[in-house]
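K.L.:
Per the working numbering: the sequence shown = residues 6 to 198.
By construction, the Cβ of each residue, glycine as well, lies at the ideal position given by its N, Cα and C atoms.
The model shown is predicted, which means the values in this text are computed figures rather than measured ones.
One structure coming up, written as C-alpha cells, with questions to follow.
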Amino acid sequence: KFYENEVFLPTWYITIAIIIYGVWNMINDPFAGHISDLPMPLTKRWGKRFSWFFLTAFPCGIVFAFIFIPPIGSNHIIIFIWVILLLCLFDTLFSFCIINWQAIHPDKFRSHKERTRIGAIQIIMSLIGLTLGLLIPTLLITQNPAGENINSYILMGWLVSIIIIISIFLMFPGMREDSEMINRILKLESQKE
C-alpha cells in the first residue's frame, strides 16, 4: 500500500518485488537455521543463541524503519531495487533473530512445566504485540491525499523501530545463556568434530 499509494511505484514492480521476496523467504529460513547451528567464535563468550540474537536483532529493528524511507525522487528501478533489498535484508535479520530466540527455549527451560508456563507468557505477549502492531500504525498514518502521507509512514517506521529496540533490551536478560548452557553447547560442538 505504501509503495503503491504514496511512492507511486507501479503495481507490476511491487508484484515482482513481492514474488522475489517470497522466493527469498523460502530460501532464507532454512539457510538462517543452518548457519545458526554452525560453531561461532562468540559462542564461548556469549553463548550460541544469544550471539546470533545480539548480532541481528538491533540491525533488524533499524532496517524496519528504512523500508519506509525509499529514495523519493529516484526512478522506479532504483525504488524497486530498494524495496527488494530492504525486504530481503529485514527478512534475513528477522529470521536469524526468531530462529535463535525460539531455539534457546528447549535449552533454557528443561522441564515440561517451565515450557508450558513460558508458552503461556509468549502467547499473551504475542497478542499484546500484535494489537499494538495494528494500533500504532493506524494512529500515526495520516489520511491525506495519495503521496502526501510519506512523513507519517516514516514517523511510524521509526517509532516501531524504537519499540523493537527497547523490546530487544528487555529481552536480553532472558536471552543470556549461563555458563552451564554454554559449556553444554561447546561439549556438543566438540563431539560433532
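Any contact between the region 48-64 and the region 175-184? By contact I mean 3 or more CB pairs, one from each, below 8 Å.
P.N.:
These segments touch.
K.L.:
Leaving out five residues on either side along the sequence, give the residues of the same chain with a beta carbon under 7 Å from the beta carbon of residue 142.
P.N.:
As a working note, residue 142 is residue 137 in the sequence shown. Closer than 7 Å at the Cβ level, and outside the excluded window around residue 142, lie 161.
K.L.:
Mark residue 28 as exposed unless 16 or more other C-beta atoms lie within 10 angstroms of its C-beta, in which case mark it buried.
P.N.:
For the purposes of this step, residue 28 is taken as residue 23 along the sequence shown, with counting starting at 1. Flag for residue 28 reads exposed.
K.L.:
Between the C-alpha atoms of residue 92 and residue 14, what's the straight-line distance to the nearest angstrom?
P.N.:
Your numbering for residue 92 matches position 87 in the sequence shown. Your numbering for residue 14 matches position 9 in the sequence shown. Roughly 15 Å separates the two Cα atoms.
K.L.:
Taking the alpha-carbon positions, what's the residue 136 to residue 192 distance?
P.N.:
In the sequence shown, residue 136 corresponds to position 131, counting from 1. In the sequence shown, residue 192 corresponds to position 187, counting from 1. Computed Cα separation, rounded: 42 Å.
K.L.:
What residue range does the alpha helix (DSSP H) around residue 91 cover?
P.N.:
Along the sequence shown, read from residue 1 onward, the residue named residue 91 stands at position 86. Taken as a continuous stretch (DSSP letters only), the alpha helix (DSSP H) holding residue 91 covers 81-113.
K.L.:
Taking the alpha-carbon of residue 102 as reference, which of 121, 116, 66 and 130 has the nearest alpha-carbon?
P.N.:
Counted from its first residue, the sequence shown places residue 102 at position 97. Looking at the Cα atoms, 66 is the closest of the given residues.
K.L.:
Please state the DSSP three-state secondary structure of residue 182.
P.N.:
As a working note, residue 182 is residue 177 in the sequence shown. Looking at residue 182 - three-state DSSP - the assignment turns out to be coil, as it is neither helix nor strand.
K.L.:
Using 8 Å as the cut-off, can you tell me whether the region 16-23 makes contact with the region 83-92, which would need three or more C-beta pairs spanning the two stretches below that distance?
P.N.:
Counting C-beta pairs with one atom in each stretch, the region 16-23 and the region 83-92 have three or more that are closer than 8 Å, which means they touch.
K.L.:
Thinking residue 145 and residue 157 are a contact (beta carbons under 8 Å), I'd like their distance in whole angstroms, please.
P.N.:
Within the sequence shown, the letter at position 140 stands for residue 145. Within the sequence shown, the letter at position 152 stands for residue 157. Rounded, the Cβ-Cβ distance is 6 Å, consistent with contact.
K.L.:
Leaving out five residues on either side along the sequence, give the residues of the same chain with a beta carbon under 7 Å from the beta carbon of residue 58.
P.N.:
Here residue 58 refers to the residue found at position 53 when the sequence shown is read from its first residue. Hits under 7 Å: 102, 105, 106 and 180.
K.L.:
Take residue 84 and list the residues in its own chain whose beta-carbon comes closer than 7 Å to its own, dropping the five residues that flank it on each side.
P.N.:
Here residue 84 is taken as the residue at index 79 of the sequence shown, counted from 1. Cβ within range, chain order: 12, 14, 75 and 76.
K.L.:
If residue 116 sits next to residue 34, beta carbons under 8 Å apart, how far is it from one beta carbon to the other, in whole angstroms?
P.N.:
Within the sequence shown, numbered from 1, the residue matching residue 116 stands at position 111. Within the sequence shown, numbered from 1, the residue matching residue 34 stands at position 29. Wrong, their Cβ atoms sit about 29 Å apart, outside the cutoff.
K.L.:
Using the C-alpha atoms, what's the distance from residue 42 back to residue 10?
P.N.:
On the sequence shown, residue 10 is found 5 positions in, with the first residue counted as 1. On the sequence shown, residue 42 is found 37 positions in, with the first residue counted as 1. Taking the straight line joining both Cα atoms gives about 41 Å.
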